[in-house]
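What follows is a short report on a single structure.
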Amino acid sequence: MCVSVMSPQALPAPKPLKKLQMLKKRLVKLVVNFLFYFRTDEAEPIGALLLEHCRIAKEEENVFSISFIEEPERKYCFECDSEEQCREWVEALKRASYEFMRRSLIFYRNEIQKMTGKDPLEQFGISEEARFQLGTRKPESPGLG
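Start counting the sequence shown at 1406; every next residue gets the next number (my numbering).
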């Protein structure tokens, strides 16, 4: 995807996105939970965003943003070529975090256990590990399909 990226230093808080002047054309590539960004004429990334503890939000038409929960002033805006492309990126990015994948695994593990009566992780000896537990809460649907 080729997008215009706004660096966090260029984000004046109260102004609408259309008035921002510091847009840069970048290529981006999503790899698991990292969003790498490249200059359009270079093969090596110039940076990456770890998509953990962040908020992905639809902004204006064809625009979405990534902001970080512990640093809300650190916000990156991305402008796509179309509304459909923007929607696809927002969905993909929301599903890229480790926490989303962990919740999905737990949800489907419980669904399989209901259907078969067996814990699918038991054969790997990892069924009791804390990372595969949600705690005392009932497992939530990860919001897939």
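We put the CB at the ideal spot given by N, CA and C, even for glycine.
Since the model is a prediction, treat every value here as computed from it, not as a measurement.
- Query: Secondary structure at Val1436, three-state DSSP: helix, strand or coil?
  - Reply: Correct three-state label for Val1436: strand.
- Under 8 Å between the Cβ atoms of Leu1456 and Ser1502? Using a Cβ distance threshold of 8 Å, Leu1456 and Ser1502 count as a contacting pair.
- Quick one: what does DSSP say Cys1459 is sitting in, helix, strand or coil? In this structure, Cys1459 counts as strand in the three-state DSSP scheme.
- Task: Leaving aside the five residues before and after Ile1461 along the sequence, list all residues of the same chain whose C-beta is less than 7 Å from its C-beta, in chain order.
- Result: Excluding sequence neighbours, Ile1461 sits near Phe1469, Ile1471, Val1495, Leu1498 and Lys1499.
- Item | Inter-residue Cα distance where the pair is Asn1515 and Gly1530 | Between Asn1515 and Gly1530, the C-alpha separation is close to 16 Å.
- Quick one: what does DSSP say Arg1367 is sitting in, helix, strand or coil? In the structure displayed, the chain extends from 1406 to 1550; residue 1367 sits before or after that span and is not available.
- Message: Please classify Glu1533 as buried or exposed, where buried requires at least 16 neighbouring CB atoms within 10 angstroms.
- Response: Glu1533 counts as exposed, since fewer than 16 other beta carbons sit within 10 angstroms of its beta carbon.
- Query: Starting from Phe1473 and walking both ways along the beta strand (DSSP E), at which residues does that stretch end?
  - Reply: Unbroken beta strand (DSSP E) run through Phe1473: Val1468 to Phe1473.
- Query: Got a sec? Which residues, its chain only, sit under 7 Å from Glu1488 by beta carbon, not counting five neighbours each side?
  - Reply: Annotation for Glu1488: Glu1466 and Asn1467 place their beta carbon closer than 7 Å to its own, counting only its chain and skipping 5 residues before and after.
- DSSP three-state call for Cys1491: helix, strand or coil? Note: Cys1491 maps to helix in three-state DSSP.
- Item | Start and end residues, beta strand (DSSP E) containing Phe1483 | Counting along the chain, the beta strand (DSSP E) containing Phe1483 begins and ends at Glu1476 to Glu1484.
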